[in-house]
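There are 2 protein chains.
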Amino acid sequence: MELVEKMLSGNQLALARLITLLENRADDLPEIMRTVYPHTGNAYCLGVTGPPGAGKSTLVDELTSVMRQRGLTVGIVAVDPTSPFTGGALLGDRIRMQKHYLDDDVFIRSLATRGSYGGLSASAKCIVKALDAFGKDVIIVETVGVGQTELEIIEAVDTILVVMVPEAGDTIQTMKAGLMEIADIFAVNKADREGATQMAAELRAMLSGRQIPTYWEIPVIETEASNSIGIEELYAEIEHHREVLSETDQLSARRRKQREGELIEIVQRRIKEQIIARMKKEERFSSLVRKIADGEIDPYSASNEIFSDRALLQDCFQ
Amino acid sequence: MELVEKMLSGNQLALARLITLLENRADDLPEIMRTVYPHTGNAYCLGVTGPPGAGKSTLVDELTSVMRQRGLTVGIVAVDPTSPFTGGALLGDRIRMQKHYLDDDVFIRSLATRGSYGGLSASAKCIVKALDAFGKDVIIVETVGVGQTELEIIEAVDTILVVMVPEAGDTIQTMKAGLMEIADIFAVNKADREGATQMAAELRAMLSGRQIPTYWEIPVIETEASNSIGIEELYAEIEHHREVLSETDQLSARRRKQREGELIEIVQRRIKEQIIARMKKEERFSSLVRKIADGEIDPYSASNEIFSDRALLQDCFQ
Numbered sequence: 004m005e006l007v008e009k010m011l012s013g014n015q016l017a018l019a020r021l022i023t024l025l026e027n028r029a030d031d032l033p034e035i036m037r038t039v040y041p042h043t044g045n046a047y048c049l050g051v052t053g054p055p056g057a058g059k060s061t062l063v064d065e066l067t068s069v070m071r072q073r074g075l076t077v078g079i080v081a082v083d084p085t086s087p088f089t090g091g092a093l094l095g096d097r098i099r100m101q102k103h104y105l106d107d108d109v110f111i112r113s114l115a116t117r118g119s120y121g122g123l124s125a126s127a128k129c130i131v132k133a134l135d136a137f138g139k140d141v142i143i144v145e146t147v148g149v150g151q152t153e154l155e156i157i158e159a160v161d162t163i164l165v166v167m168v169p170e171a172g173d174t175i176q177t178m179k180a181g182l183m184e185i186a187d188i189f190a191v192n193k194a195d196r197e198g199a200t201q202m203a204a205e206l207r208a209m210l211s212g213r214q215i216p217t218y219w220e221i222p223v224i225e226t227e228a229s230n231s232i233g234i235e236e237l238y239a240e241i242e243h244h245r246e247v248l249s250e251t252d253q254l255s256a257r258r259r260k261q262r263e264g265e266l267i268e269i270v271q272r273r274i275k276e277q278i279i280a281r282m283k284k285e286e287r288f289s290s291l292v293r294k295i296a297d298g299e300i301d302p303y304s305a306s307n308e309i310f311s312d313r314a315l316l317q318d319c320f321q
Numbered sequence: 004m005e006l007v008e009k010m011l012s013g014n015q016l017a018l019a020r021l022i023t024l025l026e027n028r029a030d031d032l033p034e035i036m037r038t039v040y041p042h043t044g045n046a047y048c049l050g051v052t053g054p055p056g057a058g059k060s061t062l063v064d065e066l067t068s069v070m071r072q073r074g075l076t077v078g079i080v081a082v083d084p085t086s087p088f089t090g091g092a093l094l095g096d097r098i099r100m101q102k103h104y105l106d107d108d109v110f111i112r113s114l115a116t117r118g119s120y121g122g123l124s125a126s127a128k129c130i131v132k133a134l135d136a137f138g139k140d141v142i143i144v145e146t147v148g149v150g151q152t153e154l155e156i157i158e159a160v161d162t163i164l165v166v167m168v169p170e171a172g173d174t175i176q177t178m179k180a181g182l183m184e185i186a187d188i189f190a191v192n193k194a195d196r197e198g199a200t201q202m203a204a205e206l207r208a209m210l211s212g213r214q215i216p217t218y219w220e221i222p223v224i225e226t227e228a229s230n231s232i233g234i235e236e237l238y239a240e241i242e243h244h245r246e247v248l249s250e251t252d253q254l255s256a257r258r259r260k261q262r263e264g265e266l267i268e269i270v271q272r273r274i275k276e277q278i279i280a281r282m283k284k285e286e287r288f289s290s291l292v293r294k295i296a297d298g299e300i301d302p303y304s305a306s307n308e309i310f311s312d313r314a315l316l317q318d319c320f321q
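What follows is the structure, given as structure tokens:
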């Protein structure tokens, strides 16, 4: 807890160490988070997602520069759940973002699953909270693709930027991926490539057909991150979205929904852990497992037995 | 249930429809699975994983040909959790596997998250069970990378084949990804590329340093799937692994562990669903959410309140 106090008082090293604890889901994570939590809620959280190779990192880098010019401090959490095999890309990100590494007001952390089970989205959210409590003005969460983990992470941000590149089939894939439903802003990056204008037009056409929120018209911005083109315009839209969210009470609605999600997640995890630990000790449970293995019963019927055994369930919540 | 009966009697169309129901996690999934389950346990299940572009699909295609030559029927489940953006690749797979599409004894299904939350690994496992019950001799589960979802899926197979390609850093990444721990067999594919022999040697050296199971020495096979080179040798190792597992009782031990995992997963999901549905209705719960949103309490302390409220928990298990 000394570490948390140090972090809250602005110690960068303490922040880095704390984040490592959160990344590794240290045993005292709940205690850490209880101390961190009251200091959160001030940062604005931007999520950036899109396919591999869309230039998300470069775009995040450029947006960070714009934010720094405006005197904002920035925290960046880059999540790559497929990273066992893309460690090179992560490393590349770090090198690419090198100019900000020398800037004390930009904190960058890359997260990878490294083959570890679950917890990545939970860890990422905790790290965002820590950066928030530390006092960062903006926190950027960068994720590749839109798998389960990424969707869970991206749910916890205020503004979602979806980065696309002009490539055959991407517009359709975006629709299929449900990105239309989650995007607040689209960037068509590498806009110097053939097909960029067409892609932007396609996106706008699709969006005009299905604008659901009345308070916000989803913009499509063409950018060339590697040539610093379109970044100011993109940033203006992010700012604009933030203002609209605040004015329409959508920001507090989003955050209330996030808080509910956080509570459910924590309760679920605790119940899950208790169930695994307790049930495995119960003879009634192991005898069911034996029966399943011996083909005497299927796991669905076995779960019915567990759920009809009120005493067993209640024992697990002692 | 009529559909299940038709499927069990060997109707291909019924199988395809049933799998679609399982993929969409239809409401009567538990009932379907209760009927399917007693017919499972006969198929041998091979998991194939590795980085994108390693040539897994081509290798699976080639292995399928070898299995077909031996008169074995094959079911293939290709899972690509990052697929919102790689739909093209999936489509490519289907085209590439076209020769087997004309073969009634090969059933291929590609699964993609399409932005949907969770359930992918659970669906994939159910589909494997359905193919097993249908009577396929071998089921091949192909996954990209080793994220959470893929690891969950791959846990449910009998033999795990990890496909690598000679590329800088991949050996290290494999170690980091924990693939050393899960691989039963390594294939170094695209073995005509520079560095293939070195990579195979590196893998062998690393493996010799950390062979944990005494019953099986993990082989490293060089293959060129697109030229049908090394496939017979690879298949022989798969067969060999299967024999060793059977002889050493490891197969039944693996499967008992899988059955335990299945039961825990089903129980967890039911509890999770009950909690979400019931808790959201409870005024005690919504008042906690309001307090969190208002900054009066953090979600970790709120979860403590829920866990100390025995009555609330027990209400959720009525």
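Quick note, the sequences are listed as chains Z and B, same order.
First residue of the first sequence: 4, per the working numbering; consecutive thereafter.
First residue of the second sequence: 4, per the working numbering; consecutive thereafter.
No residue lacks a Cβ here, since even glycine has one placed at the ideal position from N, Cα and C.
Compute the distance between the beta-carbons of residue i and residue j, then report whether it is under 8 Å.
| i | j | result |
| --- | --- | --- |
| Val-77(B) | Ile-143(B) | yes |
| Thr-146(Z) | Ile-188(Z) | no |
| Gly-156(Z) | Ser-124(Z) | The residue you asked about is not Gly; residue 156(Z) is Ile in the sequence shown. Going by C-beta atoms, Ile-156(Z) is nearer than 8 Å to Ser-124(Z). |
| Pro-3(Z) | Gly-198(Z) | This structure cannot speak to residue 3(Z), because chain Z is shown only from 4 to 321. |
| Val-160(B) | Gly-50(B) | yes |
| Gly-233(B) | Glu-225(B) | yes |
| Ile-130(Z) | Glu-8(Z) | no |
| Asp-30(B) | Arg-71(B) | no |
| Leu-32(Z) | Ala-133(Z) | no |
Check each candidate in the options and name the one with the smallest Cα separation from residue i.
| i | options | result |
| --- | --- | --- |
| Lys-283(B) | Gly-58(Z), Ile-267(Z), Ser-311(Z) | Ile-267(Z) |
| Asp-140(B) | Gln-277(B), Leu-21(B), Ile-241(B), Tyr-47(B) | Tyr-47(B) |
| Ile-35(B) | Pro-302(B), Glu-240(B), Ser-126(B), Ser-231(B) | Ser-126(B) |
| Ala-136(B) | Val-168(B), Leu-18(B), Ile-79(B) | Leu-18(B) |
| Thr-217(B) | Ser-229(B), Thr-251(B), Ser-231(B) | Thr-251(B) |
| Ala-81(B) | Asn-45(B), Lys-59(B), Val-69(B) | Lys-59(B) |
Are there 16 or more other CB atoms within 10 angstroms of the CB of residue i, so buried, or fewer, so exposed?
| i | result |
| --- | --- |
| Glu-5(B) | exposed |
| Glu-235(B) | exposed |
| Gly-95(B) | No answer about Gly-95(B) holds up, because its pLDDT of 46 lies below 50 and its placement is not dependable. |
| Ala-280(B) | exposed |
| Ala-305(B) | buried |
| Gly-298(B) | exposed |
| Gln-261(B) | buried |
| Leu-16(B) | exposed |
| Thr-23(Z) | exposed |
| Gly-53(B) | buried |
Check the Cβ of residue i against every Cβ in chain B and list those closer than 7 Å, keeping chain order.
| i | result |
| --- | --- |
| Lys-1(Z) | Beyond the ends of chain Z as shown, which are 4 and 321, falls residue 1(Z); an answer cannot be given. |
| Ala-3(Z) | With chain Z covering only 4 through 321, there is no way to say anything about residue 3(Z). |
| Pro-33(Z) | Tyr-303 |
Which of the three DSSP states, helix, strand or coil, is assigned to residue i?
| i | result |
| --- | --- |
| Leu-105(Z) | coil |
| Arg-112(B) | strand |
| Ile-79(Z) | strand |
| Gly-212(Z) | helix |
| Val-270(B) | helix |
| Ala-92(B) | Because the pLDDT at Ala-92(B) is just 44, under 50, the model does not fix this residue reliably, and the point stays unresolved. |
| Gly-53(Z) | strand |
| Thr-67(Z) | helix |
| Glu-8(Z) | helix |
| Glu-235(B) | helix |
| Ala-29(B) | coil |
| Val-131(Z) | helix |
| Thr-43(B) | coil |
| Ala-305(Z) | helix |
| Val-168(Z) | coil |
| Glu-338(B) | This structure leaves residue 338(B) out entirely; chain B is present only between 4 and 321. |
| Glu-276(B) | helix |
| Ile-221(Z) | coil |
| Val-144(Z) | strand |
| Ile-300(Z) | coil |
Output, in chain order, the set of chain B residues within a Cβ distance shorter than 8 Å of residue i.
| i | result |
| --- | --- |
| Ile-278(Z) | Ile-267, Val-270, Gln-271, Ile-274 |
| Leu-291(Z) | Leu-266 |
| Gly-44(Z) | Gly-298 |
| Pro-169(Z) | Near Pro-169(Z) there are no residues of chain B at all, since even the closest Cβ is about 13 Å away, more than 8 Å. |
| Pro-41(Z) | Gly-298, Asp-301 |
Name, please, each residue of chain Z whose Cβ falls closer than 7 Å to the Cβ of residue i.
| i | result |
| --- | --- |
| Arg-37(B) | Asp-301, Tyr-303, Ser-304 |
Which residues of chain Z have a Cβ atom closer than 9 Å to the Cβ of residue i, listed in chain order?
| i | result |
| --- | --- |
| Phe-310(B) | Val-270, Arg-273, Ile-274, Gln-277, Phe-320 |
| Ile-163(B) | Within 9 Å Cβ-Cβ: nothing; Ile-163(B) doesn't reach chain Z, min ~13 Å. |
| Ile-295(B) | Tyr-40, Arg-259, Arg-262, Glu-263, Glu-265, Leu-266 |
- Query: Listed from N- to C-terminal order along the chain, which residues in the region 238-266 of chain Z have their beta-carbon within a distance smaller than 8 Å of any beta-carbon of chain A?
  - Reply: The chain inventory of the structure shown lacks chain A, comprising the protein chains Z and B.
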